[in-house]
Each structure stands twice: as C-alpha cells, then as structure tokens.
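Going down the list, the sequences are from chains A and B.
full-length UniProt numbering puts the first residue of the first sequence at 1, with every later residue one more than the last.
full-length UniProt numbering puts the first residue of the second sequence at 1, with every later residue one more than the last.
See below for the structure under consideration.
2 protein chains.
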Amino acid sequence: MPATTSPTRTDSRPDSRPGGRSARVRAAVHQAVKDLLTDEASDLLTIPVIAARAGVHATTVYRRWGSVSELLADVATSRFSGDLVVPDTGSLRGDLERYAADLAKDLSDPDTLALVRAIVGTGGEGASICRGERQRQLEAILEREQARGSRTPTIERAIDALLAPLYYRAVFTDQAPTPEWARTLVSHLLPD
Amino acid sequence: MPATTSPTRTDSRPDSRPGGRSARVRAAVHQAVKDLLTDEASDLLTIPVIAARAGVHATTVYRRWGSVSELLADVATSRFSGDLVVPDTGSLRGDLERYAADLAKDLSDPDTLALVRAIVGTGGEGASICRGERQRQLEAILEREQARGSRTPTIERAIDALLAPLYYRAVFTDQAPTPEWARTLVSHLLPD
DNA sequence: CCACAAAAGCAGCGATCATTGCGATTAAAA
DNA sequence: TTTTAATCGCAATGATCGCTGCTTTTGTGG
Numbered sequence: 001m002p003a004t005t006s007p008t009r010t011d012s013r014p015d016s017r018p019g020g021r022s023a024r025v026r027a028a029v030h031q032a033v034k035d036l037l038t039d040e041a042s043d044l045l046t047i048p049v050i051a052a053r054a055g056v057h058a059t060t061v062y063r064r065w066g067s068v069s070e071l072l073a074d075v076a077t078s079r080f081s082g083d084l085v086v087p088d089t090g091s092l093r094g095d096l097e098r099y100a101a102d103l104a105k106d107l108s109d110p111d112t113l114a115l116v117r118a119i120v121g122t123g124g125e126g127a128s129i130c131r132g133e134r135q136r137q138l139e140a141i142l143e144r145e146q147a148r149g150s151r152t153p154t155i156e157r158a159i160d161a162l163l164a165p166l167y168y169r170a171v172f173t174d175q176a177p178t179p180e181w182a183r184t185l186v187s188h189l190l191p192d
Numbered sequence: 001m002p003a004t005t006s007p008t009r010t011d012s013r014p015d016s017r018p019g020g021r022s023a024r025v026r027a028a029v030h031q032a033v034k035d036l037l038t039d040e041a042s043d044l045l046t047i048p049v050i051a052a053r054a055g056v057h058a059t060t061v062y063r064r065w066g067s068v069s070e071l072l073a074d075v076a077t078s079r080f081s082g083d084l085v086v087p088d089t090g091s092l093r094g095d096l097e098r099y100a101a102d103l104a105k106d107l108s109d110p111d112t113l114a115l116v117r118a119i120v121g122t123g124g125e126g127a128s129i130c131r132g133e134r135q136r137q138l139e140a141i142l143e144r145e146q147a148r149g150s151r152t153p154t155i156e157r158a159i160d161a162l163l164a165p166l167y168y169r170a171v172f173t174d175q176a177p178t179p180e181w182a183r184t185l186v187s188h189l190l191p192d
C-alpha cells in the first residue's frame, strides 16, 4: 500500500518516453518544492516532506541532491533560465522599459519571490543564480545599443538603477513591483 | 561535568547587577547566533546548537524565543537599532553622502550580511526589520531639508536610488559595497 | 531574614531527520 | 533477447530536534 501521500503531478501515464522516470521524478520534486515554498513554513521545507509531497521516496532525493540547499539551487536554476526574453523594440528606452516591466511582473509572482528569499537564506553564492541571467540580459541590451553607435549608461549604473530597486522592493518590502513603476525607473536612468 | 561547550562571552563575574542573569543569557545567546551565522552552515542554526554554543540550556531558549525565526528577529532588532546616526552636515548632499557611506560600511560587515540573509530566508515580514530603521532615517534627512524650504527627491525615489543598490549589492552579489561607491549613488540621485 | 515569583537547569519523551545496505525496476546497450 | 549500469523503492538505524513536567537557583520585595 502506498504509505506516502499522492503526488501533485497530474501526469500519470505509465513511464513512457518523454524524459523517462528520472525526469519525471525531477519534475515532481521541483513542483513539490515550489508548492511547499508558498506554505510559509520554512522549517517544513525538509527532504522527507518534499519527497512525500512529490510522491517519491526520501532516499531518492537524498541521493540526487544531497541537501535542501542544492535542491533549491537546482530549482532556481531551472526557474531563472530562459523564461524571460530580451526585447527588441528598436530603441534603448523601449527595450529597457519592456524588460523592466517583464522583470517586475516576474518578481511579483509569490512563488518566485518565495524561491528567491529561500535561496538567499541558504547562504551566499547561490543568490547569484537569481540575478546572473538577468544581469547578462541587461548587458546584452546595452551592448546592442552600443553596437548601434550610441552611448549608454554603464552596466553597473543600469544594475543600480533597475535591477537593484526591482529586487529590493520584491525581497525587502511587502509591496509587489508593478510594471508601471518599473518603467519610471528607466526614465530616471536615461537622460530626458 | 560540563557536557556543553564553553560560552563565548569573556565576562564571567558571578551574576551581579548590570542586567542580571536574564540579560546575560540573552547576550550570550545573541552572540552565539551571530557566531553561528558566519559559519556558513545554515542547517546548523538550530536551537540546541545555539544553546550549547551560548553555554545555556536549550530549554531556556525554547521558552524565551520559541523558534529560530523569532530569535533571529530579536537579534536583528537589536542589531539594526541605534547603531547608525543621522548625520547633520548642513547640506542635503553632505548628509546623504555621509549616511550612504556609513550604511555601506555597515552592510559590508560579513556578520551583518549573514544576519540579513538569514532573516530574509525565514519568510518575509521579518525582512522589514533590516530596512525599517534605515528608511525612517533616510526620511528624516529628506524632511529636515524640506523644512529648510528646499525641494528634495521623494522618499520613494531616494529608496530606489540609495537603499536598494546598497542592499542589492550586499545581498545578491559577492562584492561588498564600498563607501566611495555609495557616494556615487548620491551624485546620481541629486541633480548636478 | 524570609517569602515569593521569575528564570534557568535537568532529564526524558516522542517525532522527525539524515544516512546506509539491499533488492527491484527501469532504460539503454550488446 | 539478454545484459548491464543507473535509478529508485524499501526498511532499519543512529542522531538530532522540539517540547514538557519538575526541581533548583536567582533576585526582589516585604
């Protein structure tokens, strides 16, 4: 008899090709972590609890990830890769406004926010997982504009003026960043 | 025989007035939390371990604080209250530069940084402990300048331009914020 | 000096966690 | 089809954690 609780996944086909068992386990565990992160009980985010929620044995999680920190890092890597697109509106201002608005919408998601906070809490080096991709994308926007022959703010300045307020407001305050507010950040960064 | 490890405190006088036993226990526990926070093992930050390091019985910690989250909140409240002074240089620019530099130096301390990260990781509402006092102090600087009849940036704008980059750089990157860089933030906030 | 309330020490309990051998299942190679 | 290595399920173990009655110590006021 299945002593563990039922998994969250709705996909219950009998282990066919797309990914194999290993990939299904990984998806179920990732989903369980995301679910538990919103439950507002950080001490419940433990391997046995995660495994039970994923319908997987704790041993499997221990062997594949080892610790909650590494598991969180894995979830964050998946979450923060390839989900945001570098816009191309033709103008630097347009690109930045679009990108800042997208990022604000992304960071206003409670699940994403909980993940960021949990990652920050696990120590330090893992925190760059949540910002590395975004910094690179911002850099790409600036470099493309420079390739057009225009002068742009430095990447450092852009980080201070855009990324920093977005992450600060999301992580340290209880007001979610809105796309409209994000656009005002761009207007302060770029000279009128 | 004393099974627990020796406390960190150097003060070993036999329970005289200045604070009483209760206050000494509190100080020892706070110090133990700060010590353990730098040890880079977030899963070791547990009540029995904290109590042992403080030379105090775990029961005492459980009764006084209840959970690690509340204990962290208490440590943070002590740490972030009254340690920074609102400067008064006569000019808004001078005040902001001084305050930003002080805050940068404060946030570059590894112990403080570890505390901030741990607080963020415990859930959300506690994160405002690390920024509430600073926001109020920044507000005080702006309001004093307004009382002099001068126009100033809004508090929201000052947060985005000063507090946000400082906290972002400290928490999300591995480069500690320097006072010099903090002053450049002010130069970007105030019109030349 | 004595009494009393608050705080801390103590021992022990149940529950949970992390980890490890071992067998079973799966997916891919031969 | 058979083989083979990787992955996962299972059960058990030792360790740790969170918590709770009970006693002892502390410090304060009568």
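From the three backbone atoms N, C-alpha and C, an ideal C-beta is built for every residue, glycine too.
All figures in this text were calculated on a predicted structure; none of them were measured in a lab.
Among the options, which one has its Cα closest to the Cα of residue i?
i	options	result
L189 (chain A)	A:D174, A:T178, A:L163, A:T60	A:L163
I159 (chain B)	A:R157, A:Y168, A:H30, A:I159	A:Y168
E70 (chain B)	B:P179, B:D109, B:T122	B:T122
A182 (chain A)	A:E97, A:A127, A:T112	A:E97
R117 (chain B)	B:A28, B:S42, B:A23, B:T178	B:S42
R79 (chain A)	A:A54, A:A27, A:G94	A:A27
R157 (chain A)	B:I155, B:I47, B:A161	B:A161
I155 (chain A)	A:A140, A:L166, A:P165	A:A140
P48 (chain A)	A:A54, A:E40, A:A58, A:D39	A:A58
V120 (chain B)	B:F172, B:D39, B:W65	B:F172
A73 (chain B)	B:D35, B:E125, B:Q175	B:E125
G66 (chain A)	A:G55, A:D83, A:T46, A:A52	A:T46
Which residues mark the beginning and the end of the alpha helix (DSSP H) in which residue i is found?
i	result
V56 (chain A)	No alpha helix (DSSP H) holds V56 (chain A); DSSP gives it neither H nor E.
Q146 (chain A)	129-147
I119 (chain B)	110-121
T77 (chain A)	68-79
A104 (chain B)	92-107
E180 (chain B)	179-189
E156 (chain B)	155-158
P87 (chain B)	Careful: P87 (chain B) lies outside any alpha helix (DSSP H) and carries neither H nor E.
A170 (chain A)	164-172
Legend entry - chain A contacts from the segment 115-132 of chain B (Cβ-Cβ distance under 9 Å): V116, R117, A118, I119, V120, G121, T122, G123, G124, E125, A127, S128, C130, R131
Inset, instruction - Report the residues of the segment 162-180 of chain B with a CB closer than 9 Å to any CB of chain A, ordered along the chain. - result: L163, A164, P165, L166, Y167, Y168, R169, V171, F172, T173, D174
Inset, instruction - Note down, in chain order, all residues in the UniProt domain "HTH tetR-type" (23-83) of chain A with a beta-carbon under 9 Å from any beta-carbon belonging to chain B. - result: E40, A41, S42, D43, S67, V68, S69
Legend entry - Proximal residues, the segment 91-108 of chain A versus chain B, C-beta separation under 9 Å: none
Legend entry - Contact list for the segment 134-155 of chain B against chain A, Cβ threshold 7 Å: none
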